[in-house]
Amino acid sequence: MKKLVVLGAGLAGTMAVNRLRPHLDSDDWDIVIVDQDETHIYQPGLLFIPFGMYRPDDVIRRRREFIPPGVQMITAPIEAVDTDAQKVLVNGHTLEYDYLIVATGTSPRPEQTPGLLGDAWRDTVHDFYTLEGATALADRLDRWDGGRIVVDVMELPFKCPVAPLEFVFLTDWWLQERGMRDRAEVIYATPLSGAFTKPVSSRRLGHLLDEKKIGLEADFYTERVDTEKNVVVSYDEREIPYDLLVTIPVNMGADFVKNSGLGDELNHIVVDRRTFSPEGHPNVFAIGDAAELGTSKAGSVAHFASEVFTANFLRGIRGLPPLEEFDGHANCFIESGFGKAMLIDFNYTTEPLPGKFPLPGIGPFTLLEETEMNHWGKLMFRWTYWNVLLRGKDLPLPSRMLLAGKESS
Amino acid sequence: MTSTAVIAGHEVTIDDEGFITDPSVWTDDMAAALAKNVGIDELTPDHWTVIRHLREDFAAQGETPTLRRITSNIGIETKRLFELFPKKPGKKMAYIAGVPKPRGCI
Ligand SMILES: Cc1cc2nc3c(=O)[nH]c(=O)nc-3n(C[C@H](O)[C@H](O)[C@H](O)COP(=O)(O)OP(=O)(O)OC[C@H]3O[C@@H](n4cnc5c(N)ncnc54)[C@H](O)[C@@H]3O)c2cc1C
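Chains A and B supply the protein sequences, listed in that same order. Each residue of the first sequence is one higher than the one before, starting from -18 at the first, in my numbering. Each residue of the second sequence is one higher than the one before, starting from 29 at the first, in my numbering.
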């Protein structure tokens, strides 16, 4: 009997067991999946909670609903991985494996930035990457009466790189809805040199920030938060005063990844773009946000990558060499307020470009422009997430990025 | 867009931001000239520790290390990197060490 152990039952882990179980004979293969808790959170929905557009109930489902028959689920914290002995320590018990898939994602670590976790945490200093954080921020905004809102990204990379931009766009919209825009300032601080990395989209998104009168503080690498003076301080000693600070804390992979020796300085696992294995560990794989692939950490990326990963994994166990290489395909809606959104589609070699995005039966969506259609696409993503992505089904889209419909810059 | 520049007597190809496009043509004596271009008049042993590390890590990984990676690899404080390479340490040290601009990683 062969043993496949999957660590993490978030999007990537759940998708993997749904895709692999039908191809692995249950007489020959045991599959076990481990997660620390029972509830699956639809993380893209966390963006909407602070503005009262979604409530916590809208983003929570039971993990087990999505785990297929024939896969054993264990709910317990993962403590350690020993790749030499091929063992995982889960809540004091040992699990042996022949093949190991690490899918424990990446999560916000406010303790990494001095001053963040003090008395002001969840009072004047917030985050929205966790359900607790997003809910506390909804309460805070409900009592908000104007002032300076600063949204600060602490470190790169972080998951869903467009989420903080969406957050400032929605803040601008929400303030206008409440008739408070003239009493508020909105500032976006980022370690990047512009609104986004890739030049064309960075320009377009930067332009949108200007239009919405949102201040951009670029090249801002935060050293600490001073909650006495209510300022964020960068390493080059710039200070940004705030009344309300919304942070994207440093994002890091699980601690057991670090202790196993598999991780980089942020506990992410650098893997090969074909096999999804870290160097020197052919029976270990990392998928989803836990993997460092040099592209965005996002659900759409995890989905496109999973097609390549599954195919190559199934070849690998039969002793065949991997075929395709993952092209870094990412596809993200960017909610921009007032019932509109933008769409970007890119990979390792092609940056996000304007044009049309063909989606059979539904589209076309418009790339890099604000439209209502894109907003519906964004809202529809929740249905797609629960019913298509998690279940390991294919979207009516190829995993590789298409150039059709895109204009050249 | 690339162009040609003469740095410390060597003719090299640079990109539109002035970064040397081929890390393998970089030599030690170019560092001082590149440093002057970004307002660093003297390269101290601490600067050199960082520059050497950037070269080695780039050679091993095929990618320019991030500030966090440098601090965790050689145990230097981020604050110190900002003193050595003021304002934009990530870019400046890559520029001086002749490796590509850090990717920004998004
Ligand atoms: C605010 C926000 C908005 C986003 N918006 C979008 C969007 O619009 N589009 C998009 O494509 N993506 C979006 N994302 C990103 C998307 O949610 C993630 O990329 C996706 O969830 C990654 O899946 P994953 O399985 O790798 O990680 P996760 O889904 O985070 O799953 C990791 C799992 O591992 C478990 N785990 C971790 N450590 C341990 C341990 N030690 N022991 C046991 N279990 C452990 C966790 O409990 C978790 O269930 C957004 C994310 C956030 C936070």
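Cβ coordinates follow ideal geometry from the N, Cα and C atoms, glycine included.
According to DSSP, is residue i helix, strand or coil?
{"i": "residue 240/A", "result": "helix"}
{"i": "residue 310/A", "result": "coil"}
{"i": "residue 68/B", "result": "coil"}
{"i": "residue 80/A", "result": "strand"}
{"i": "residue 383/A", "result": "coil"}
{"i": "residue 52/A", "result": "coil"}
{"i": "residue 34/A", "result": "coil"}
{"i": "residue 92/A", "result": "helix"}
{"i": "residue 370/A", "result": "helix"}
{"i": "residue 197/A", "result": "strand"}
{"i": "residue 129/B", "result": "coil"}
Check whether the Cβ of residue i lies closer than 7 Å to any heavy atom of ligand 1, and answer yes or no.
{"i": "residue 290/A", "result": "no"}
{"i": "residue 346/A", "result": "no"}
{"i": "residue 85/A", "result": "yes"}
{"i": "residue 325/A", "result": "no"}
{"i": "residue 202/A", "result": "no"}
{"i": "residue 59/A", "result": "yes"}
{"i": "residue 73/A", "result": "no"}
{"i": "residue 237/A", "result": "yes"}
{"i": "residue 163/A", "result": "no"}
{"i": "residue 371/A", "result": "no"}
{"i": "residue 15/A", "result": "yes"}
{"i": "residue 70/A", "result": "no"}
{"i": "residue 76/A", "result": "no"}
{"i": "residue 271/A", "result": "yes"}
{"i": "residue 35/A", "result": "no"}
{"i": "residue 53/A", "result": "no"}
{"i": "residue 278/A", "result": "yes"}
{"i": "residue 140/A", "result": "yes"}
{"i": "residue 286/A", "result": "no"}
{"i": "residue 144/A", "result": "yes"}
Around the C-beta of residue i, are 16 or more other C-beta atoms found within 10 angstroms, so that it is buried, or is it exposed?
{"i": "residue 133/B", "result": "Residue confidence for residue 133/B is low, a pLDDT of 47 falling below 50, so the modelled location carries little weight; the figure read from the coordinates is stated next. Residue 133/B comes out buried."}
{"i": "residue 204/A", "result": "buried"}
{"i": "residue 107/B", "result": "exposed"}
{"i": "residue 31/B", "result": "exposed"}
{"i": "residue 390/A", "result": "Note that residue 390/A scores a pLDDT of 48, beneath 50, so its modelled location is shaky; the value from the coordinates is reported in the next line. By the 10 Å Cβ count, residue 390/A comes out exposed."}
{"i": "residue 80/B", "result": "exposed"}
{"i": "residue 33/A", "result": "exposed"}
{"i": "residue 247/A", "result": "buried"}
{"i": "residue 384/A", "result": "exposed"}
{"i": "residue 24/A", "result": "buried"}
{"i": "residue 4/A", "result": "exposed"}
{"i": "residue 415/A", "result": "Chain A is shown from -18 up to 390; residue 415/A falls before or after that span and cannot be answered."}
{"i": "residue 288/A", "result": "buried"}
{"i": "residue 321/A", "result": "buried"}
{"i": "residue 351/A", "result": "buried"}
{"i": "residue 75/A", "result": "exposed"}
{"i": "residue 278/A", "result": "buried"}
{"i": "residue -6/A", "result": "buried"}
{"i": "residue 101/B", "result": "exposed"}
Assuming residue i is part of the alpha helix (DSSP H), what are its boundary residues?
{"i": "residue -6/A", "result": "-8 to 1"}
{"i": "residue 143/A", "result": "No alpha helix (DSSP H) holds residue 143/A; DSSP gives it neither H nor E."}
{"i": "residue 46/A", "result": "Element bounds for residue 46/A: n/a, residue is neither H nor E."}
{"i": "residue 5/A", "result": "From DSSP, residue 5/A is part of no alpha helix (DSSP H); its letter is neither H nor E."}
{"i": "residue 84/B", "result": "73 to 89"}
{"i": "residue 356/A", "result": "353 to 365"}
{"i": "residue 116/A", "result": "112 to 123"}
{"i": "residue 21/A", "result": "Per DSSP, residue 21/A belongs to no alpha helix (DSSP H); it is in the beta strand (DSSP E), 20 to 22."}
Start and end of the beta strand (DSSP E) containing residue i?
{"i": "residue 169/A", "result": "165 to 170"}
{"i": "residue 279/A", "result": "First-last for residue 279/A: undefined, no H or E at that position."}
{"i": "residue 112/B", "result": "Looking at the DSSP string, residue 112/B is not in any beta strand (DSSP E); the run it does join, the alpha helix (DSSP H), is 106 to 112."}
{"i": "residue 41/B", "result": "38 to 43"}
{"i": "residue 100/B", "result": "Premise fails: residue 100/B lies in the alpha helix (DSSP H), 95 to 102, not in any beta strand (DSSP E)."}
{"i": "residue 228/A", "result": "225 to 229"}
{"i": "residue 207/A", "result": "203 to 207"}
{"i": "residue 298/A", "result": "That residue, residue 298/A, is in no beta strand (DSSP E); it is neither H nor E in DSSP."}
Who does residue i pair with in a DSSP beta bridge?
{"i": "residue -16/A", "result": "11/A"}
{"i": "residue 378/A", "result": "Note: residue 378/A sits in no beta bridge, so no partner."}
{"i": "residue 102/A", "result": "106/A"}
{"i": "residue 63/A", "result": "68/A"}
{"i": "residue 33/B", "result": "40/B"}
{"i": "residue 325/A", "result": "313/A"}
{"i": "residue 337/A", "result": "347/A"}
{"i": "residue 266/A", "result": "82/A"}
{"i": "residue 134/A", "result": "229/A"}
{"i": "residue 318/A", "result": "321/A"}
Say yes only if the C-beta of residue i is nearer than 7 Å to one or more non-hydrogen atoms of ligand 2, and no if none qualify.
{"i": "residue 281/A", "result": "Here the bound small molecules are ligand 1; ligand 2 is not part of this structure."}
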